[in-house]
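The numbers in the numbering used here rise by one with no breaks, and the one at position 70 of the sequence shown is 70. A virtual CB, placed ideally from N, CA and C, is assigned to each residue, including glycine. Keep in mind it's a predicted model, so treat the numbers as computed, not measured. Structure, as structure tokens:
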Amino acid sequence: AVLDGDDVNGDLTVDFGFQATPPGTFTQWQAQTPLGGPNGPTQDPDGDGLSNTAEYVFGLSPSTGVLPWNPFEIKLNTVTDQIDAYVRKLPAINDVTVTIQGLLDLPLSPQGWFDITAVSPEYVETLNGVDTYVWRNIDAHVSFAGGPGFVRLHLVLDADHDGTPEATFNSDVWRWSRHALQPQIISF
């Protein structure tokens, strides 16, 4: 709670910081987030590189380029020595498909991207109304054969559930590569 002396509104009340119920559809998100007009699914009014579709899925504000968390990242799992992909998104999103895609080498893009379907997401936690999911051991996917790889998040908005997407979004690309370092001086 914010006490009277710290109240930025100056109305001498106690503000508890309740949050509105997150939208369940992109259409509800648009109604809650009019943005003075630029709230179409492919628009990016704050210029942060995330379309409104992505801002909706990740529970981010489309009016500020500040990211309170990274919605998609890969990490080395120090227990398994494998690469895990983490996605933070709103729960109960039923009009956007979220897929992890892989690529063997950048010159193969854009046609070479493939869905990593052999790995199912695992729920980790909910923090501030946003769920975290992890796709474990994505580097063990048969296509990567233990070598380097590239991954991205692919979002498809089908707001009216007719099988035709209204918008798609691809995240920034993440890469991993393993190197056996010998005791010598090496620069990359």
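Quiz item: Should Ala180 be labelled buried (16 or more other beta-carbon atoms within 10 Å of its own) or exposed?
Solution: exposed
Self-check item: Proximity of Thr132 and Arg88 at Cβ, strictly below 7 Å
Solution: yes
Quiz prompt | Reduced DSSP secondary structure (H/G/I, E/B, other) of Ile83 | solution = Ile83 falls in the strand class under three-state DSSP.
Exercise. From the DSSP output, read off the bridge partner residues of Phe114.
Key: Among the bridge pairs identified by DSSP, Phe114 is matched with Gly102.
Quiz item: Taking the alpha helix (DSSP H) that Glu194 falls in, what are its first and last residues?
Solution: Because the chain in this structure spans residues 1 to 188, residue 194 falls outside the shown range and cannot be described.
Self-check item: Beta-ladder partner(s) of Ala167, from DSSP
Solution: Leu157
Quiz item: Of the choices Ala167, Pro183, Val173, whose alpha-carbon is the least far from that of Gly40?
Solution: Ala167
Quiz prompt | Thr27 (DSSP reduced to helix, strand or coil) | solution = Helix, per DSSP.
Self-check item: the segment 170-178 / the segment 150-157 touching (three or more Cβ pairs under 8 Å)
Solution: yes
Self-check item: 7 Å Cβ shell around Ala140 - same chain, five flanking residues per side excluded
Solution: Gln82
Practice problem: Give the C-beta separation of Ala118 and Ile100 to the nearest angstrom, bearing in mind that I take them to be a contact with Cβ-Cβ under 8 Å. | Solution: The Cβ separation is near 10 Å, so there is no contact.
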